[in-house]
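One structure is given here, and the rest of the page talks about it.
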Amino acid sequence: MSGSGKFYIRNNYIYGPKDSGKFWIANNYINGPRNSGKYYIAQNYIHGPHSSAKWYIANGYLYCTSGEEYPPFMAD
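Residue numbers (our numbering): 27 to 102.
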């Protein structure tokens, strides 16, 4: 089941069905308990070592183009 549209950004924190509020954005990098600083945002797309550019941000929500359930920076 796709996580597209289920995660949103408020005050630079990312909220949703997994790890809600545990990840935040600073200087276009995504930080948190795992993969901190390995993913960054450029031209509204999330880039990093896995699933690069498959997730994007629009209107404060995270959307997925590939049907993934969680953004790649939340991977264990």
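In this text, a Cβ means the ideal position worked out from N, Cα and C, and glycines have one as well.
A quick note: this is a predicted structure, and the numbers were derived from the prediction, not measured.
Only residues of its own chain outside the window of five on either side were considered, and among them 60, 61 and 76 have a CB closer than 8 Å to the CB of residue 101, listed in chain order. Between residue 65 and residue 50, the CB-CB gap reaches or exceeds 8 Å. Partner residues in the beta bridge of residue 34, as assigned by DSSP, are 41 and 87. For residue 101, no beta strand (DSSP E) segment is defined, and its DSSP state is neither H nor E.
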